[in-house]
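Numbering (the numbering used here), first residue to last: 365 to 504.
All residues carry an ideal CB built from backbone N, CA and C; glycine is no exception.
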């Protein structure tokens with residue numbers, strides 16, 4: 365049951381990355397005072413320690429379920445995430461995302477691609493740099 369909750373939390377966090385594109389929101393900056401107050405809080409640290417995609421180990425049945433969810437979600441999510449990327453990288457981001465969904469093991473592909481994406485999120489998603497840097501803290 366714990367794995368289900370962790371997977372759902374991880375998928376919900378990843379899904380929230382597409383919210384600005386869905387809502388057609390303009391980039392907003394988070395005041396430094398807010399970031400400083402929330403960065404070291406215990407709940408956020410617990411989330412970061414417990415839902416990092418690269419640290420989650422799935423049972424075979426859970427992996428099949430998550431793989432089917434990823435395969436179903438990528439055609440919808442990838443164009444939304446690509447809209448958040450820098451114009452010169454949109455096609456790369458969308459294709460990489462779609463390739464994850466088309467792979468034989470989407471979960472493993474996602475886990476392997478996340479550190480690449482999070483290596484320099486500010487250059488890939490310049491308008492949403494703070495959001496992606498924050499989210500990558502939970503994903504890697």
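- DSSP, reduced to helix, strand and coil, places residue 484 outside both helices and strands of the structure shown, so it counts as coil.
- Of the residues 451, 430, 462 and 432, the one whose Cα lies closest to the Cα of residue 487 is 451.
- In this structure, residue 464 sits near residue 477, with a CB-CB distance shorter than 8 Å.
- If you ignore the 5 residues before and after residue 470, its C-beta comes within less than 7 Å of the C-beta of 431, 434, 435 and 464, all in its own chain and listed in chain order.
- Residue 489 sits close to residue 496, with the two beta carbons spaced by under 8 Å.
- Residue 437 carries a helical assignment under DSSP once its states are collapsed to helix, strand and coil.
- Shown here, residue 446 sits in a helix according to DSSP, grouped into three states.
- The beta carbons of residue 461 and residue 482 sit no closer together than 8 Å.
- Between the C-alpha atoms of residue 494 and residue 423 there is a straight-line separation of about 33 Å.
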